[in-house]
Amino acid sequence: MGSGTPWKLPKARAKGSPYFSRNQISKVLHQVGVLLELNGANPFRTRSYFNGSRTISNLNDDLGDIINTGKLTELKGIGKGLGSSIRRAVLDGEWVEDWIELFESTPNGLIEMLGIPNLGPKRIKLLNEKLGISNIAELQISCEKHEIEELDGFGKKSQQKIIDGIQLLKRFNARRRLDIGLLYGNALKNLIGNIDHVEKIELAGSARRRKESIGDLDLVVGAEIKFHETISNSILSLPGIADVKGAGGSKISVILDTSIFENKFNLGNIDDGVLEAIGGDEYEKMEASGTIDAQIRLVSLNMFPFTLAYFTGSKEHNIRMRQRALDRGLKLNEFGLIPLDKIENKVGIEAAKYSLEAKSEKDIYKMLDLPYIVPELREDLGEIEEGEKNNLPELVTSNSLLGAFHNHTTLSDGEATLEQMSDAARKLNWKYLGISDHSQSLKIANGLSPQELIAQGDIIKKYNSEWKQSNTNFRVFHGVESDILENGKLDYKNEILETLDYVVASVHAIRKWKNRDEAENTEDLFNAIENKYTTMLGHPTGRIIQGREGYEVDMHAIIRRMGELNQEGIFKAIEINASPYRLDLDWRLCKFAKMCGVPISINPDAHDISGLKDVKFGTYIARKGWLEKSDIINTKDSIEVMELFSKRG
DNA sequence: GCCGTTTTCGGCCCGACTGTTTTCAGTCG
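Each residue of the first sequence is one higher than the one before, counting from 103 in the working numbering.
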């Protein structure tokens with residue numbers, strides 16, 4: 103949820119009811135929850151707002167319809183209070199007084215302060231009341247004047263932690279992208295895995311769940327207890343550890359820097375537009391001197407599966423699992439799964455002696471009457487309910503991919519030629535590659551004139567026939583990444599589009615789209631997808647992770663419409679842009695797309711040879727979004743792809 | 001604020017760690 107941009111209650115839509123969209127309601131509920139926290143409200147009350155927000159954002163049906171049919175308060179987590187507030191907003195265009203008051207009375211700076219690690223709502227409130235601090239800049243000054251350490255409940259260490267936290271927040275927005283997290287995480291995992299007597303090691307936390315961004319790294323290490331001390335010492339002397347924040351018997355907390363990597367830290371080629379959004383050259387320098395926090399838990403082998411499950415999360419999934427354990431007279435924690443009647447008032451490690459045994463996480467799920475749930479799905483977004491029905495999806499894997507669409511060459515803004523890209527694709531064992539350079543309006547990316555596009559098509563035809571003659575099972579599909587222009591128009595005349603195998607339609611005029619409201623943007627996207635020649639929608643929201651939020655758009659409505667078109671036999675797909683900077687379509691919407699029958703294309707948006715490999719991040723997101731092989735276009739062979747692309751209606 | 005119900009209010013997941021205390025509050029996951 104947007105840091106930087108001030109929080110405001112959105113204005114009612116001028117056209118009338120529904121005055122607010124599902125996205126707006128969900129966002130406001132979340133924000134009210136945060137504001138309540140900052141005002142010291144009952145934590146269970148604030149949780150209700152967060153739960154309500156989640157419920158609304160995960161709706162499959164139209165919010166307006168749900169309200170009109172009187173079913174709003176039938177939703178889990180929406181009771182009388184939230185129900186009537188939401189109703190009033192959507193039907194009458196009015197926010198309840200309490201919320202208006204909250205938004206007006208809470209300084210936006212306090213919300214930003216929440217981003218500082220180890221500083222939560224209670225202490226922010228205290229700082230505000232005692233010292234009048236209402237933003238990060240004032241907090242920094244107060245720290246420098248040593249005012250914080252004088253406060254009751256604070257001390258020198260708290261003050262220093264706040265200073266460090268501000269620094270971290272400034273550098274990386276306190277979170278890191280998944281690709282960066284995995285780079286560091288896997289490097290550390292390999293190093294620890296090579297230490298004597300380490301029998302098991304896994305990356306846990308949000309990196310294991312493949313969230314698009316992660317806070318810090320969690321690793322769980324399993325070894326016999328008698329070796330723990332020597333292992334712990336070995337870990338502390340590994341390369342790449344810039345600082346040790348704490349080292350107890352079972353938990354080691356460190357800061358890693360880029361010296362953990364054997365080779366020089368290199369981010370590879372970043373698309374210019376993306377680089378601009380995340381801070382340009384400064385960003386690259388920052389990463390090169392970057393750090394990341396890591397927590398390592400050292401446990402006995404019998405505890406390993408429980409600790410791994412616990413630190414993999416998510417928090418919401420864990421809550422459900424613990425409740426499930428309680429329903430069965432068991433207590434689930436990081437140490438074990440323990441029958442309640444055995445432990446009386448023992449807690450923690452003492453109680454864990456009575457734990458049931460588990461060889462792996464699979465056993466834990468089994469003891470709670472569930473099939474194994476893969477880490478990607480552990481978000482409490484239906485995986486427990488579907489697991490109960492033995493109805494979990496068989497998720498797509500990277501090696502099911504036979505090719506990819508949406509790739510660039512030197513003809514527009516890529517770094518590799520058509521020939522080099524094709525060679526690289528064949529080395530990945532792909533059977534085809536889609537080339538879609540930028541279209542003419544995108545001057546900054548050297549967009550192709552109609553003549554250039556047609557000439558490119560001729561070259562591709564020539565190669566395809568050569569491959570065919572030499573019995574090489576490979577072909578190039580000729581496409582274009584057409585800019586979406588005014589009113590959702592595409593960037594070439596129909597006669598030109600007609601000659602292509604496919605069209606990826608994408609928005610690039612981000613500034614303009616971010617200055618318009620949800621309804622206008624949605625309208626233009628409707629027009630774009632309804633264009634006969636649009637095959638798939640590229641990076642549908644334009645977000646850059648850690649860089650900028652996407653433009654406002656009712657993506658549910660877009661996806662629903664695309665689903666209808668597919669029903670009518672017209673092929674319309676949506677991409678998961680696999681660049682780790684984008685990962686757009688968001689995983690939270692993948693399941694909905696699947697439900698609506700909209701095919702997904704995992705697109706690397708490669709600008710050079712190495713960019714093709716980014717499909718692995720797209721696959722992570724597809725898996726996180728419940729997608730199976732059959733939901734993904736680029737698992738189909740080239741003949742099937744050709745048939746699908748030709749269904750233009 | 002939601003939920004469930006012994007239908008009107010009590011419980012809402014749970015433990016570790018940290019830094020501040022001298023028994024605990026805040027934060028995190």
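Even for Gly, the Cβ is constructed at its ideal location relative to N, Cα and C.
Separation of I297 and S336 (C-alpha to C-alpha, rounded to the nearest whole angstrom) is 7 Å.
For I734, the secondary structure class from DSSP, reduced to helix, strand or coil, is strand.
Taking F406 as the centre and dropping the five residues before and after it, the same chain places the C-beta of K302 and G324 closer than 6 Å to its C-beta, in chain order. Taking C-beta atoms as the reference points, D716 and P701 fail to come closer than 8 Å. With a cutoff of 8 Å on beta-carbon distance, E651 and D619 are scored as not near each other.
In this structure the region 732-746 lies against the region 531-539, because at least three pairs of beta carbons, one per stretch, are closer than 8 Å.
By the Cβ-count criterion, V346 is exposed, with fewer than 16 other Cβ atoms from all chains shown falling within 10 Å of its own Cβ. The way I'd put it, the region 725-732 does touch the region 483-500; three or more beta-carbon pairs between them come closer than 8 Å.
CA-CA distance, V134 to N548, rounds to 45 Å. With respect to L494, E488 sits close: the two C-beta atoms are nearer than 8 Å. DSSP links H540 through a beta bridge to E583.
In the same chain as D318, and ignoring 5 residues on each side of it, the C-beta atoms closer than 6 Å to its own belong to D395, in chain order. Taken through DSSP and simplified to helix, strand or coil, P209 comes out as coil. Each residue's CA atom was taken as its position, placing Y474 and L228 some 44 Å apart. With respect to K178, T148 sits apart: the two C-beta atoms are not nearer than 8 Å. When secondary structure is reduced to three states using DSSP, A607 falls in the strand class. Shown here for G295: same chain residues with a beta carbon closer than 6 Å to its own, the five before and five after excluded, namely I303 in chain order. With 16 or more neighbouring CB atoms inside 10 Å of its own CB, T511 falls in the buried class. Under the three-state reduction of DSSP output, Y534 falls in the strand class. With respect to the 8 Å criterion, I333 and H299 are classified as neighbours on the basis of their beta carbons. Across the set L746, A411 and L687, the C-alpha of L687 shows the shortest separation from the C-alpha of S608. Note on G751: under 16 other CB atoms within 10 angstroms of its CB, so exposed under the neighbour-count rule. In this structure T574 is exposed. Its beta-carbon is surrounded by fewer than 16 other beta-carbon atoms within 10 angstroms. Residue pairing of N668 in beta bridges, as defined by DSSP: absent, with no partner found. Of the candidates D359, I250 and L627, the residue whose Cα lies closest to the Cα of L285 is D359. Looking at K591, S308, S572 and D560, the one whose alpha-carbon comes closest to that of F579 is D560. The criterion of a C-beta distance shorter than 8 Å is satisfied by L472 and E490. Sequence-distant partners of A659 (beyond 5 residues in either direction) whose C-beta falls short of 7 Å from its own C-beta, in its chain, are T624. The beta carbon of I218 lies closer than 7 Å to those of I264, G267, I268 and L271 in the same chain, with the five residues before and after it left out. For V578, the beta-bridge partners assigned by DSSP are L535. For R422, the CB contacts under 6 Å within the same chain, skipping 5 residues up- and downstream, are D482 and I486 in chain order. I226 and E670 have their C-alpha atoms roughly 55 Å apart. Spanning the alpha carbons of S740 and K749 requires a straight line of approximately 15 Å.
Inclusion of R310 and T409 in the CB contact set at 8 Å is not warranted, their separation being larger than that value. Per the DSSP secondary-structure output, Q133 pairs with nothing in a beta bridge. The straight-line gap separating the alpha-carbon atoms of I723 and L253 is approximately 45 Å.
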